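**Student:**
Chains as they are written, first to last, in our numbering: chain A, 17 to 355; chain B, 17 to 355.
(1) Any beta carbon of chain A sitting closer than 9 Å to that of residue 295 of chain B?
(2) Measure the C-alpha to C-alpha separation of residue 202 of chain A and residue 144 of chain A and round it to an integer number of angstroms.
(3) Among the residues of its own chain, which have a CB less than 7 Å from the CB of residue 158 of chain A, if the five just before and after it don't count?
(4) So, helix, strand or coil for residue 351 of chain A, using DSSP?
(5) Going straight from the alpha carbon of residue 133 of chain B to that of residue 307 of chain B, what length do you get?
(6) Under 7 Å between beta-carbons, which chain B residues line up against residue 340 of chain A? List them in chain order, please.
(7) I'd like the span of the beta strand (DSSP E) that includes residue 151 of chain B, first residue to last.
(8) Is the beta carbon of residue 228 of chain B sitting closer than 9 Å to the one on residue 207 of chain B?
(9) Whole angstroms is fine: what's the gap from residue 224 of chain A's alpha carbon to residue 146 of chain A's?
(10) Who are the near neighbours of residue 99 of chain B in its chain, counting only those whose CB is closer than 8 Å to its CB and skipping five residues on each side?
(11) Can you name the residues of chain A whose CB is closer than 9 Å to the CB of residue 274 of chain B?
(12) Does the CB of residue 79 of chain A have a neighbour CB from chain C at under 9 Å?
(13) Say whether chain A places a C-beta atom closer than 9 Å to the C-beta of residue 315 of chain B.
(14) Please look up how many angstroms separate the CB atoms of residue 137 of chain A and residue 22 of chain A, rounded, as I've assumed it's under 8 Å.
(15) Of the residues A:45, A:72, A:19 and A:43, which one's Cα is nearest the Cα of residue 28 of chain A?
(16) Where does residue 258 of chain B fall in DSSP's three states?
(17) Go through its chain and collect everything with a Cβ distance to residue 263 of chain A's Cβ below 7 Å, but skip five positions before and after it.
(18) Using a 10 Å radius around the Cβ and a threshold of 16 neighbouring Cβ atoms, would you call residue 283 of chain B buried or exposed?
(19) Quick check: what's the CA-CA separation for residue 125 of chain B versus residue 186 of chain A?
(20) With 9 Å as the C-beta to C-beta threshold (strictly closer), list the residues of the segment 219–241 of chain B near chain A in chain order.
(21) Here's the rule: buried if 16 or more other CB atoms are within 10 angstroms of the residue's CB, otherwise exposed. What is residue 59 of chain A?
(22) Would you say residue 288 of chain A reaches chain B, if we count a Cβ-Cβ gap shorter than 9 Å as a contact?
(23) For residue 327 of chain B, write down the residues that DSSP places opposite it in a beta bridge.
(24) Jot down the residue ranges of each uninterrupted alpha helix (DSSP H) in the segment 28–79 of chain B, minimum 4 residues, whole runs only, in chain order.
(25) Under 9 Å between C-beta atoms, does residue 17 of chain B make it to chain A?
(26) Can you grab the Cα-Cα spacing for the pair residue 153 of chain B / residue 278 of chain B, in whole Å?
(27) In terms of residues, what are the limits of the alpha helix (DSSP H) holding residue 205 of chain B?
(28) Quick one: what does DSSP say residue 17 of chain A is sitting in, helix, strand or coil?
(29) Are the C-beta atoms of residue 193 of chain A and some chain B residue less than 9 Å apart?
(30) Residues of the segment 296–310 of chain B in Cβ contact with chain A at a cutoff of 9 Å, in chain order, please.
(31) Do you know offhand how far residue 347 of chain B's Cα is from residue 172 of chain B's?
(32) At a Cβ cut of 9 Å, what residues of the segment 126–152 of chain A count as close to chain B, listed as they run along the chain?
(33) With 16 other CB atoms within 10 Å as the buried threshold, where does residue 313 of chain A fall?
(34) In the segment 42–75 of chain A, which residues sit with their C-beta less than 9 Å from some C-beta in chain B, listed in chain order?
(35) Between which two residues does the alpha helix (DSSP H) holding residue 308 of chain B run?
(36) Where does residue 293 of chain B fall in DSSP's three states?
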């Protein structure tokens, strides 16, 4: 009798917020590895906001997931059977298995993880794509200097939490923007940001201004919308704006109205000599060696902390992902698919 | 009997387009140089779009001209009397005398010009601020590579004409946007751009698309408004947008409506990883030595051409400036104040 595997496929392209019927759980036989192949069993599945983009067929930097195709994701997987000389059963690897329990691989694109060095799921978070996103976006575009003010939105999340802590390491003032008092407390008290402002506060603009008495030199954009509206008037001359994400817009069906119009943005770009630059982590893969040398050291020294939000069971991935887009996660969102 | 000097002062802050009554011509006695001073007589006065910003008290990178103060400008002047060891009567200097026939100076900020090297008024154009603006904005932000497509607006103007020609020197395809068939013909036939599109053409967007079959890698922004609307959909991944000017907006009393909204701009910034960066020439003074070495050489080799639009008489400066904002000039706008 064959063991059964499970996967979650994209059933339809969401219009607006994704809903349960946009996903479908399928059961299929565990596949058998052919020559040169390994069978991977998913242990950890990473959920990240960029996946909303993959559900849409609007032009973007990556091609969309096809209808009836498995949702994409980074995963930590265990090799359970191997016909590949480079991997043996029991190896733990970073992979892109997607939202499924089992997958075959020819070994390309896998990276072996050492469970002695760090908890393996950190390769999906602080030591993985989100950590590297924070590290490179700040180093290559934000370039914070000592004494400057760095503001980051989604400040308790996988990327934002690291941005602010690195800003502190660089001697800058770090101000977070997060959703709700619990997250704000965590950002200030646990992560050590200088301040954190609740984006749900109706007085967001005034609170942010008070938290940034010398204006904003770097704004690390994860969110857009009302948060940008609050940040924009506070930008200093020569401010840098790494644009990493726009989570508040990802499910918008039309271009959302924002307070400041295109003409006003450009006027400020000119008169304040702003730099607005979009990036994705793969633009800076050349910095991976620096990242993987510095980040574990900072963690060891207690200068970088991180938090994981763990949900058990592949079947809960869709609902958890929908919550992530609404900011219901608290820390790096992971699904534990198997122990 | 004292000779009389003339100056044009800002009489009132324009609301919308500047009008004649916003300026006032004043007659005053030619001043006498005190110890260490020189008397300068203006020969050439430069008119540039940035002056519209100086007439407004909205926050910007420079403080505004005060009411009843002389309008600011770069000038080429002759030393007519000197109590300063560094200058003697007959010296020709680059200065910032403003819109007036005579001014005293203690010698600071002056630069001696050699009339044998180049026509002195080029220090206000191709060998001066506009040329340096084109050179640095393209080199530091645009960074065109061979085979890329560079689009520049106000392409027959003092800055735009140089941008496109440098782009060609760098091996890029240069496409201009200019106002009317005469300017477009000049940009293509005289300056050697690969193509030029008329921004008054109702089919601007389609024409620009046809002129840029491989999309746009660098857009040097001088104009904003409908020109930006035509450029934006054609931007390639990793496009760079040096924002040098927004002349179509300078006299707007409210933020002009533009086709693409703030949220759409940011979506493209992220998915295409655009870089939008404002600058003014003084941000890059460190490049002056490079500029003043390369540009005269390019002119000598016939690789950079330039055109001057000369009006005689200080009294014509206001009307000429109003025309400049409407694109009525054809080439670098100069006022010949004295032979």
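Every residue gets a Cβ at the ideal spot worked out from N, C-alpha and C, and that includes glycine.
None of these values were measured; they are calculated from a predicted model.
**Tutor:** Taking the coordinates as given:
(1) yes
(2) Roughly 22 Å separates the two Cα atoms.
(3) 166, 234, 236, 256 and 258
(4) strand
(5) 15 Å
(6) What residue 340 of chain A touches in chain B: nothing, since even the nearest Cβ is about 18 Å away.
(7) Careful: residue 151 of chain B lies outside any beta strand (DSSP E), inside the alpha helix (DSSP H) at 145–152.
(8) no
(9) Whole-angstrom Cα-Cα distance: 25 Å.
(10) If you ignore the 5 residues before and after residue 99 of chain B, its C-beta comes within less than 8 Å of the C-beta of 49, 50, 51, 52, 53 and 54, all in its own chain and listed in chain order.
(11) 277, 278, 279 and 282, listed in chain order.
(12) As a matter of chain content, chain C is missing from the structure shown, whose protein chains are A and B.
(13) no
(14) About 20 Å; that fails the 8 Å criterion.
(15) A:72
(16) strand
(17) Answer for residue 263 of chain A: 65, 170, 238, 239 and 341, listed in chain order.
(18) buried
(19) 38 Å
(20) 237, 240 and 241
(21) buried
(22) yes
(23) Answer is B:351.
(24) 67–70
(25) Note that residue 17 of chain B has pLDDT 45, beneath the 50 cutoff, so the model's placement of it is unreliable and the number below is only indicative. Not closer than 9 Å to any Cβ of chain A, the Cβ of residue 17 of chain B fails to qualify, so no.
(26) 24 Å
(27) Careful: residue 205 of chain B lies outside any alpha helix (DSSP H) and carries neither H nor E.
(28) In this prediction, residue 17 of chain A scores a pLDDT of 44, lower than 50, which makes its location untrustworthy; no coordinate-derived value is stated.
(29) Under the 9 Å criterion on CB atoms, residue 193 of chain A is classed as non-interfacial with respect to chain B.
(30) 296 and 299
(31) Each residue's CA atom was taken as its position, placing residue 347 of chain B and residue 172 of chain B some 6 Å apart.
(32) none
(33) exposed
(34) For the segment 42–75 of chain A, which is checked against every Cβ of chain B, the residues closer than 9 Å are 69, 74 and 75.
(35) Looking at the DSSP string, the run of the alpha helix (DSSP H) that includes residue 308 of chain B is 304–316.
(36) strand
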